[in-house]
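Protein chains in written order, with this note's numbering: chain L, 6 to 309; chain E, 312 to 696.
As structure tokens, then:
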């Protein structure tokens with residue numbers, strides 16, 4: 006009973022930790038615009054302040070039932086509605102909520118508005134309404150049509166973007182990359198591959214060297230333990246072994262013992278003469294039933 | 312329209328769908344390549360388990376058809392049966408399953424008994440990075456060069472796994488090249504082994520390996536996985552599955568699982584992997600100048616890998632005590648073509664001394680090569696992905 010309880014408890018802990026690890030803590034507030042006069046419009050063609058959320062996971066994330074709020078005293082201000090397929094954010098992708106105070110316009114319209122010229126705070130709370138997932142303070146100085154965005158999607162510092170050299174990027178990545186920087190860097194700085202070869206071979210050698218040393222140590226410990234066990238079994242002292250008074254078993258001796266044991270255990274010269282007959286149960290299955298693989302003799306049917 | 316015209320029109324449409332109407336020279340070239348692979352496998356017994364599925368896959372992938380008809384039959388057409396089967400290659404989940412089977416089949420005792428042999432497995436990975444440098448010199452981009460260079464690891468699943476991540480467009484050529492050279496290991500390696508060793512070195516007798524306890528065999532996959540994956544987490548899919556398979560084998564309480572992983576599962580995945588890799592070599596994708604370069608680089612990688620293993624042993628012998636010298640004929644086994652390259656070490660050793668059996672000694676670097684190439688793949692993935 007205790008064992009079952011222990012296993013159940015372990016499974017619960019494992020499941021809970023797995024759920025926590027892969028849960029909605031990966032949701033991030035990624036970019037915010039408080040006063041929107043010429044940036045994106047909503048489905049009704051209107052300009053409103055907006056909040057971009059980013060799924061920093063490498064797996065899809067369902068955000069229905071999390072809470073968006075701009076009020077520290079009301080953590081459950083805007084619950085993201087259930088049952089909308091668009092609340093499932095693909096891996097490393099974004100969604101935009103319009104802070105227009107008109108939730109009757111759809112899932113992505115919050116019931117609060119962001120206030121220009123004032124400090125704004127935005128928080129996301131998990132479905133329990135108390136676990137803070139992410140928050141951001143937007144300074145009152147943020148100008149019209151400027152956004153406040155993370156320098157790297159889902160991480161990094163926040164910075165003001167004016168739409169010039171610093172792009173405003175609702176529903177897309179804050180960092181626009183047209184090449185793979187790593188590869189560009191290797192192509193530029195390590196054109197002949199020598200650097201890669203040195204680094205990679207050092208890593209490969211280190212990994213296998215560590216494994217080698219580790220098993221050298223484990224082998225030594227294991228040999229000592231088996232020697233001690235053997236001494237205990239033979240009732241000899243350590244100094245006798247050191248003096249060489251206890252002979253080591255040679256491979257030939259061990260082989261001879263093993264073969265003798267094999268012959269002994271395999272011997273059939275004495276039988277116990279007890280015969281046991283067990284009933285063999287076979288579960289019926291139409292796939293293996295003989296009924297379907299035998300043809301009836303036509304004559305038998307005819308006589309019936 | 313008369314009935315005759317109706318029949319004629321339909322027969323004409325049918326003709327346009329046939330392979331005869333859509334055939335190009337490239338298709339026939341690839342069909343010949345497929346037949347050559349099948350011939351090599353059946354008549355010459357070169358890696359038949361791999362070359363028969365790959366060869367037949369090449370035939371399947373190169374039957375010409377009207378790609379504009381929307382029949383959803385081609386391997387690159389989303390939703391086709393072949394495309395669904397190919398997902399294991401393109402998404403890279405067949406190779407870790409093969410590694411699970413390899414782990415469940417492999418006895419690491421030789422390596423555990425003589426851990427210094429692991430370094431030979433590491434040295435042979437020079438083949439990968441030597442080929443990487445040559446590929447860069449030829450003009451490949453670093454990610455493509457990394458994907459091609461992994462052929463030097465002599466490990467088909469690793470090559471497929473890495474190329475699916477770094478250069479999916481070259482995967483067919485890389486996989487076929489890797490498996491072709493693995494099949495040609497008995498032809499490529501012996502001349503190099505003779506070239507780099509003296510007769511005296513070939514006669515070196517190594518001490519028999521000590522017996523390895525059950526506990527050590529159980530600890531090995533656990534510690535091995537943790538150590539190697541902490542160093543190279545990007546190798547986790549391959550190394551994790553390899554060591555997991557080995558734990559199933561060695562722990563003694565999961566014999567059924569180990570048996571399934573090493574037999575039925577490996578066989579199923581090998582069939583699917585070989586066939587779909589073969590089918591992915593459609594002439595339009597495969598017959599390019601890049602493919603020739605890839606085959607050339609693969610050959611180079613194999614030569615460098617085999618040579619560096621042998622030369623490393625010679626170097627290593629300079630610092631080893633006289634009674635612990637290693638026979639350099641086991642150096643070639645550092646590439647992970649298991650157990651083919653270990654068998655070559657043994658055969659060549661017996662050629663020079665009929666009582667000098669090197670097989671168990673060569674199995675050490677051979678399985679270390681599997682670990683080493685997976686670590687190297689993880690390193691390349693970490694740097695270039």
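Using N, Cα and C, we set each Cβ at its ideal position, and we do this for glycine too. It should be emphasised that the depicted structure is a prediction, and the values quoted were computed from it without experimental measurement.
Any beta-carbon of chain E closer than 8 Å to the one on residue i?
i: residue 210 (chain L); result: yes
i: residue 23 (chain L); result: Low local confidence applies: a pLDDT of 47 at residue 23 (chain L) is under 50, so the model's placement there is unreliable, and no value is given.
i: residue 61 (chain L); result: no
i: residue 26 (chain L); result: Only weak support is given to the placement of residue 26 (chain L): the predicted model assigns it a pLDDT of 42, under 50, and the value that follows is read from those uncertain coordinates. Answer no: the Cβ-Cβ gap between residue 26 (chain L) and chain E never drops below 8 Å.
i: residue 223 (chain L); result: yes
i: residue 213 (chain L); result: yes
i: residue 202 (chain L); result: yes
i: residue 188 (chain L); result: yes
i: residue 234 (chain L); result: no
i: residue 31 (chain L); result: no
So, is the C-beta of residue i closer than 8 Å to a C-beta in chain L?
i: residue 466 (chain E); result: no
i: residue 542 (chain E); result: yes
i: residue 432 (chain E); result: yes
i: residue 530 (chain E); result: yes
i: residue 644 (chain E); result: no
i: residue 365 (chain E); result: no
i: residue 682 (chain E); result: yes
i: residue 371 (chain E); result: no
i: residue 688 (chain E); result: no
i: residue 538 (chain E); result: yes
i: residue 423 (chain E); result: yes
On the DSSP bridge list, what partners appear for residue i?
i: residue 164 (chain L); result: L:154
i: residue 83 (chain L); result: L:73
i: residue 137 (chain L); result: L:130
i: residue 54 (chain L); result: L:104
i: residue 118 (chain L); result: L:105
i: residue 38 (chain L); result: L:55 and L:152
i: residue 667 (chain E); result: Residue 667 (chain E) is not bridged to any residue.
i: residue 143 (chain L); result: L:125
Exposed or buried, which one is residue i when buried takes at least 16 other CB atoms within 10 Å?
i: residue 488 (chain E); result: buried
i: residue 126 (chain L); result: exposed
i: residue 157 (chain L); result: exposed
i: residue 350 (chain E); result: exposed
i: residue 326 (chain E); result: exposed
i: residue 684 (chain E); result: buried
i: residue 26 (chain L); result: Note on residue 26 (chain L): pLDDT 42, under 50, position unreliable in the model; the coordinate value appears next. Exposed, since its Cβ has fewer than 16 Cβ neighbours within 10 Å.
i: residue 4 (chain L); result: Summary: the structure shown does not reach residue 4 (chain L), with chain L confined to residues 6 through 309, and so no result is reported for it.
i: residue 78 (chain L); result: exposed
i: residue 660 (chain E); result: buried
i: residue 41 (chain L); result: buried
i: residue 153 (chain L); result: buried
i: residue 317 (chain E); result: exposed
i: residue 540 (chain E); result: buried
i: residue 586 (chain E); result: buried
i: residue 389 (chain E); result: exposed
i: residue 197 (chain L); result: exposed
i: residue 199 (chain L); result: exposed
i: residue 280 (chain L); result: exposed
i: residue 314 (chain E); result: exposed
i: residue 51 (chain L); result: exposed
i: residue 87 (chain L); result: exposed
i: residue 338 (chain E); result: buried
Considering only the beta carbon of each residue, do residue i and residue j sit closer than 8 Å?
i: residue 63 (chain L); j: residue 159 (chain L); result: no
i: residue 280 (chain E); j: residue 687 (chain E); result: Here chain E has residues from 312 to 696 only, and residue 280 (chain E) is not among them.
i: residue 376 (chain E); j: residue 385 (chain E); result: yes
i: residue 590 (chain E); j: residue 353 (chain E); result: no
i: residue 583 (chain E); j: residue 464 (chain E); result: no
i: residue 534 (chain E); j: residue 655 (chain E); result: no
i: residue 365 (chain E); j: residue 490 (chain E); result: yes
i: residue 202 (chain L); j: residue 444 (chain E); result: yes
i: residue 131 (chain L); j: residue 33 (chain L); result: no
i: residue 188 (chain L); j: residue 690 (chain E); result: no
i: residue 100 (chain L); j: residue 117 (chain L); result: no
i: residue 124 (chain L); j: residue 145 (chain L); result: yes
i: residue 73 (chain L); j: residue 143 (chain L); result: no
Task: Length at least 4, wholly inside the segment 496 to 525 of chain E: the alpha helix (DSSP H) runs in chain order - done: The qualifying runs are 496 to 506 and 510 to 513.
- [ ] Within the segment 380 to 420 of chain E, note down every full beta strand (DSSP E) run reaching 3 residues or more, in order along the chain.
- [x] Every candidate beta strand (DSSP E) stretch fails here, since none sits fully inside the segment 380 to 420 of chain E while reaching 3 residues.
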